[in-house]
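Student: Just so you know, the protein sequences line up as chains E and Z, in that order.
Take the first sequence: its letter number 37 is residue 37 in the numbering used here, and every next letter is one higher.
Just so we're on the same page, the numbering used here is the position in the second sequence counted from 1, plus 1000.
Here it is, the structure, as structure tokens.
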Amino acid sequence: MTARGWVIAAGVALCLVLVPLTFAPVLAQLNLVLMKVDLMAFGGGFTTIPLIQREVVDRFGWVTTREFIDGIALGQVTPGPIVITATFVGYKAGGLLGALLGTIAVFFPSFVILTALAPHYDRLKRSRPIQLIVRGILAAFLGMLLLVAYHFGREALVDWKTWGMMAAAWLALWRKVDLLLIVGVGAALSMLIF
Amino acid sequence: MPVLSLPTLFLAFLRLGATAYGGPAMMAYLRQECVGKRQWLTEQEFKEGMALCHTIPGATMMQMTTYIGYRLRALPGATVAAVGFVLPAFVLMTGLSAAYFALGELPVVRALFHGLAALVVAIILNACVSLTRTAVHGWPGLLLVALAFTALALRMNILLVLLGAALLAVVLFRKDPAPAPTGKGAGR
Chain E
1 MTARGWVIAA
11 GVALCLVLVP
21 LTFAPVLAQL
31 NLVLMKVDLM
41 AFGGGFTTIP
51 LIQREVVDRF
61 GWVTTREFID
71 GIALGQVTPG
81 PIVITATFVG
91 YKAGGLLGAL
101 LGTIAVFFPS
111 FVILTALAPH
121 YDRLKRSRPI
131 QLIVRGILAA
141 FLGMLLLVAY
151 HFGREALVDW
161 KTWGMMAAAW
171 LALWRKVDLL
181 LIVGVGAALS
191 MLIF
Chain Z
1001 MPVLSLPTLF
1011 LAFLRLGATA
1021 YGGPAMMAYL
1031 RQECVGKRQW
1041 LTEQEFKEGM
1051 ALCHTIPGAT
1061 MMQMTTYIGY
1071 RLRALPGATV
1081 AAVGFVLPAF
1091 VLMTGLSAAY
1101 FALGELPVVR
1111 ALFHGLAALV
1121 VAIILNACVS
1131 LTRTAVHGWP
1141 GLLLVALAFT
1151 ALALRMNILL
1161 VLLGAALLAV
1171 VLFRKDPAPA
1181 PTGKGAGR
């Protein structure tokens, strides 16, 4: 990436924090948090869940655990990456503008990293320490995701019906049933039995 | 091959973004569209992109679309591909969020999410299984998993936990012949 590219990237990142600061400080804070989450999100997708849970739910309380689980559920019925749950959090914190800024914030840092590294990848690829480090970080995220699964389970699995749905869905995922079909059937069933 | 115009690229990724469902399956779909059908990239280039996207932070699918856009039309191509790909999900998610926060207290909506929450637990457990296959080979990996679980439960700083995991990995995995993560199923 050229020097001009870095200046533009730094400018966008600053704007995401400084512009909301003038009229909605909470959005400035949220954008900062989401950019931080993106920078730590090795392994992509699901590894962002413990990161968002820690910052957005536990630390700042912008959404409750319950709402966060529901936001992830919505992220399953929308196409594209699961990280789009950040849009949900942004909407809760600041309406339409919060959703838009949050979405940009959660994708922007990794976009900059990718476009900066893409031309130099050959050198990076041969570096064994980097491969080991990435695997170590993935293992750590697995541990964190298990803790999140435990917290979510305590919130969501409250009786034999919810336990049954969880087990059935897991079995279906195991058998590689289409995710949209699972969610569709699960949604219809939920409105009947709860 | 003639140079792709940016609007063509945008529309192609807009369509992909609207139709890419289902976690890991999305990557196969993207490969089929960009390597098989449109022949924008060779199989080898696609594989290299995957390896890069699994090495750096960020949502893997999103990184992959950015990478393909970058290969085709440098920075403008990357921007157009990324925005096009995320736009359908963004519009849909904003609409659903608005509906959720307006109607979330209706009994039928509560019943709906009561069940969907159980599905989310299953989906996350399933992601844990995929991650295990990618990242854990033998006891050093398991040790890292257990340490990170405990550290997060004790509310330690996540960045410190990740740094610790990176350092430990270099020491513990040193003699491990296993290849770098290919990230099957870990990315979404």
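Every residue, glycine too, gets a C-beta built ideally from N, C-alpha and C.
Please confirm if Trp6 of chain E has its CB atom under 8 Å from at least one CB of chain Z.
Tutor: Looking up residue 6 of chain E in the first sequence gives position 6. Answer no: the Cβ-Cβ gap between Trp6 of chain E and chain Z never drops below 8 Å.
Student: Run the CB neighbour count on Gly1185 of chain Z, radius 10 Å, all protein chains shown included, and call it buried at 16 or more, exposed below.
Tutor: Here the question's residue 1185 of chain Z lines up with position 185 in the second sequence. Low local confidence applies: a pLDDT of 41 at Gly1185 of chain Z is under 50, so the model's placement there is unreliable, and no value is given.
Student: Starting from the Cα of Phe1173 of chain Z, find the closest Cα among Z:Leu1162, Z:Met1156, Z:Val1136 and Z:Ala1025 and give me that residue.
Tutor: As a first step, residue 1173 of chain Z is located in the second sequence; it is residue number 173 there, counting from the start. Taking only the C-alpha atoms, the option nearest Phe1173 of chain Z is Z:Val1136.
Student: Does the separation of the CB atoms of Val19 of chain E and Val33 of chain E fall below 8 Å?
Tutor: Here residue 19 of chain E refers to the residue found at position 19 when the first sequence is read from its first residue. Here residue 33 of chain E refers to the residue found at position 33 when the first sequence is read from its first residue. Contact: no.
Student: Would you mind sorting Gly1036 of chain Z into buried or exposed? The rule is 16 or more other CB atoms within 10 Å of its CB.
Tutor: Within the second sequence, residue 1036 of chain Z is the residue found at index 36, counting from 1. Burial call: exposed.
Student: Could you tell me the alpha carbon to alpha carbon distance between Gly1187 of chain Z and Leu1014 of chain Z, rounded to whole angstroms?
Tutor: Counted from its first residue, the second sequence places residue 1187 of chain Z at position 187. Counted from its first residue, the second sequence places residue 1014 of chain Z at position 14. Below a pLDDT of 50, predicted positions are generally treated as unreliable, and Gly1187 of chain Z, at 39, falls in that range; the measurement from the model is reported next regardless. So the alpha carbons of these two residues sit roughly 20 Å apart.
Student: CA-CA distance, Ile137 of chain E and Phe1101 of chain Z?
Tutor: For the purposes of this step, residue 137 of chain E is taken as residue 137 along the first sequence, with counting starting at 1. For the purposes of this step, residue 1101 of chain Z is taken as residue 101 along the second sequence, with counting starting at 1. About 35 Å.
Student: Should the segment 1037-1054 of chain Z be called in touch with the segment 1105-1113 of chain Z, which here means at least 3 C-beta pairs below 8 Å?
Tutor: These segments do not touch.
Student: Provide the residue span of the alpha helix (DSSP H) that contains Gln53 of chain E, from first to last.
Tutor: Mapped onto the first sequence, residue 53 of chain E falls at position 53. Where Gln53 of chain E is concerned, there is no enclosing alpha helix (DSSP H), given that its DSSP letter is neither H nor E.
Student: Residues in the same chain with beta-carbon distance under 8 Å from Ile84 of chain E, minus the five sequence neighbours each way, listed in chain order, please.
Tutor: In the first sequence, residue 84 of chain E corresponds to position 84, counting from 1. Cβ neighbours of Ile84 of chain E beyond the five flanking positions: Gly75, Thr78 and Thr103.
Student: Where does Asp178 of chain E fall in DSSP's three states?
Tutor: Translated into positions along the first sequence, residue 178 of chain E becomes position 178. Residue state, collapsed to three classes: coil.
Student: Output the boundary residues of the alpha helix (DSSP H) element that contains Phe60 of chain E.
Tutor: As a first step, residue 60 of chain E is located in the first sequence; it is residue number 60 there, counting from the start. From DSSP, Phe60 of chain E is part of no alpha helix (DSSP H); its letter is neither H nor E.
Student: Could you spell out where the alpha helix (DSSP H) holding Tyr1021 of chain Z opens and where it closes?
Tutor: Within the second sequence, numbered from 1, the residue matching residue 1021 of chain Z stands at position 21. Element bounds for Tyr1021 of chain Z: n/a, residue is neither H nor E.
Student: In chain E, what lies closer than 9 Å to Glu1033 of chain Z by C-beta?
Tutor: Here residue 1033 of chain Z refers to the residue found at position 33 of the second sequence. Simply none; closest approach about 13 Å.
Student: Any C-beta of chain Z sitting closer than 8 Å to the C-beta of Trp160 of chain E?
Tutor: If you number the first sequence from 1, residue 160 of chain E lands on position 160. Trp160 of chain E does not count as touching chain Z.
Student: Give the straight-line distance between the Cα atoms of Met165 of chain E and Leu179 of chain E, rounded to the nearest whole angstrom.
Tutor: For this step, residue 165 of chain E is matched to residue 165 along the first sequence. For this step, residue 179 of chain E is matched to residue 179 along the first sequence. Using only the alpha carbons, I get a separation of about 14 Å.
Student: How would you write the range of the alpha helix (DSSP H) that Gln29 of chain E sits in, first residue to last?
Tutor: Position 29 of the first sequence holds residue 29 of chain E. Where Gln29 of chain E is concerned, the enclosing alpha helix (DSSP H) stretches over Pro25 to Met40.
Student: So for Trp1139 of chain Z, helix, strand or coil by DSSP?
Tutor: The residue you call residue 1139 of chain Z lines up with position 139 of the second sequence. Looking at Trp1139 of chain Z - three-state DSSP - the assignment turns out to be helix.
Student: Taking Phe194 of chain E as the query, report the chain Z residues whose CB atoms sit under 7 Å from its CB, ordered along the chain.
Tutor: As a working note, residue 194 of chain E is residue 194 in the first sequence. Within 7 Å Cβ-Cβ: Ala1111, His1114 and Gly1115.
Student: Are the beta-carbon atoms of Val89 of chain E and Gly71 of chain E separated by less than 8 Å?
Tutor: Taking the first residue of the first sequence as 1, we reach residue 89 of chain E at position 89. Taking the first residue of the first sequence as 1, we reach residue 71 of chain E at position 71. Yes; because the gap between Cβ atoms is below 8 Å, this pair is in contact.
Student: Across the segment 31-47 of chain E and the segment 109-119 of chain E, are there enough close Cβ pairs to call them in contact, namely three or more that are closer than 8 Å?
Tutor: In short, these stretches touch, since the Cβ pair count reaches three.
Student: Of the choices Z:Leu1096, Z:Ala1012 and Z:Cys1128, whose alpha-carbon is the least far from that of Phe1113 of chain Z?
Tutor: To locate residue 1113 of chain Z, count along the second sequence from 1; it is residue 113. Measuring from the Cα of Phe1113 of chain Z, the nearest candidate turns out to be Z:Leu1096.
Student: So Leu1144 of chain Z packs on Leu1125 of chain Z, CB below 8 Å; how close in whole Å?
Tutor: In the second sequence, residue 1144 of chain Z corresponds to position 144, counting from 1. In the second sequence, residue 1125 of chain Z corresponds to position 125, counting from 1. Incorrect: roughly 19 Å between the Cβ atoms, too far for contact.
Student: Is Ile1056 of chain Z helix, strand or coil by DSSP?
Tutor: The sequence position of residue 1056 of chain Z within the second sequence is 56, counting from 1. In the structure shown, Ile1056 of chain Z sits in coil (DSSP, three-state: anything other than H, G, I, E or B).
Student: Whose C-beta lies closer than 7 Å to the C-beta of Thr87 of chain E among residues of the same chain, with five residues either side of it excluded?
Tutor: Locating residue 87 of chain E in the first sequence gives position 87, counting from the first residue. Result list for Thr87 of chain E: Ala99, Gly102 and Thr103, in chain order.
Student: Compute every distance between the C-beta of Val26 of chain E and the non-hydrogen atoms of the ligand ATP, then say whether any falls below 7 Å.
Tutor: No copy of the ligand ATP occurs in the structure displayed, which carries no ligand at all.
Student: Quick one: is Val7 of chain E buried, meaning 16 or more other Cβ sit within 10 Å of its Cβ, or exposed?
Tutor: Along the first sequence, one-based indexing puts residue 7 of chain E at 7. When all chains shown are included, Val7 of chain E counts as exposed.
Student: So, does the CB of Phe1085 of chain Z fall closer than 8 Å to a CB anywhere in chain E?
Tutor: Start at 1 with the first residue of the second sequence, and residue 1085 of chain Z comes out as number 85. Yes - at least one Cβ of chain E is within 8 Å of the one on Phe1085 of chain Z.
Student: Could you tell me the distance, in whole angstroms, from the CA atom of Cys15 of chain E to the CA atom of Ala105 of chain E?
Tutor: The residue labelled residue 15 of chain E in the question sits at position 15 within the first sequence. The residue labelled residue 105 of chain E in the question sits at position 105 within the first sequence. Going from the Cα of Cys15 of chain E to the Cα of Ala105 of chain E covers about 10 Å.
Student: By the DSSP assignment, the alpha helix (DSSP H) with Ile137 of chain E in it spans what residues?
Tutor: As a position in the first sequence, residue 137 of chain E is number 137, starting the count at 1. That run of the alpha helix (DSSP H) goes Arg128 to Ala156.
Student: How is the alpha helix (DSSP H) around Lys92 of chain E delimited, first residue to last?
Tutor: As a first step, residue 92 of chain E must be located in the first sequence, where it is residue number 92. Looking at the DSSP string, the run of the alpha helix (DSSP H) that includes Lys92 of chain E is Thr85 to Leu117.
Student: Apply the 10 Å Cβ neighbour rule to Gln1032 of chain Z and answer buried if 16 or more other Cβ atoms are within range, or exposed otherwise.
Tutor: To locate residue 1032 of chain Z, count along the second sequence from 1; it is residue 32. Counting Cβ neighbours within 10 Å, Gln1032 of chain Z comes out exposed, since fewer than 16 surround it.
Student: What residue from Z:Met1026, Z:Ala1018, Z:Leu1030 and Z:His1054 has the CA that sits closest to Gly1069 of chain Z's CA?
Tutor: Walking along the second sequence from the start, residue 1069 of chain Z turns up at place 69. The residue with the shortest Cα to Cα distance from Gly1069 of chain Z is Z:Leu1030.
Student: Taking the C-alpha atoms as reference points, what is the distance between Gly1183 of chain Z and Ala3 of chain E?
Tutor: On the second sequence, residue 1183 of chain Z is found 183 positions in, with the first residue counted as 1. On the first sequence, residue 3 of chain E is found 3 positions in, with the first residue counted as 1. Note that Gly1183 of chain Z scores 43 on pLDDT, short of 50, meaning its location in the model is unreliable and no value can be drawn from it.
Student: Strictly under 8 Å for the Cβ-Cβ distance: is Ser1097 of chain Z near chain E by that measure?
Tutor: By one-based count along the second sequence, residue 1097 of chain Z stands at place 97. Answer yes: the Cβ-Cβ gap between Ser1097 of chain Z and chain E drops below 8 Å somewhere.
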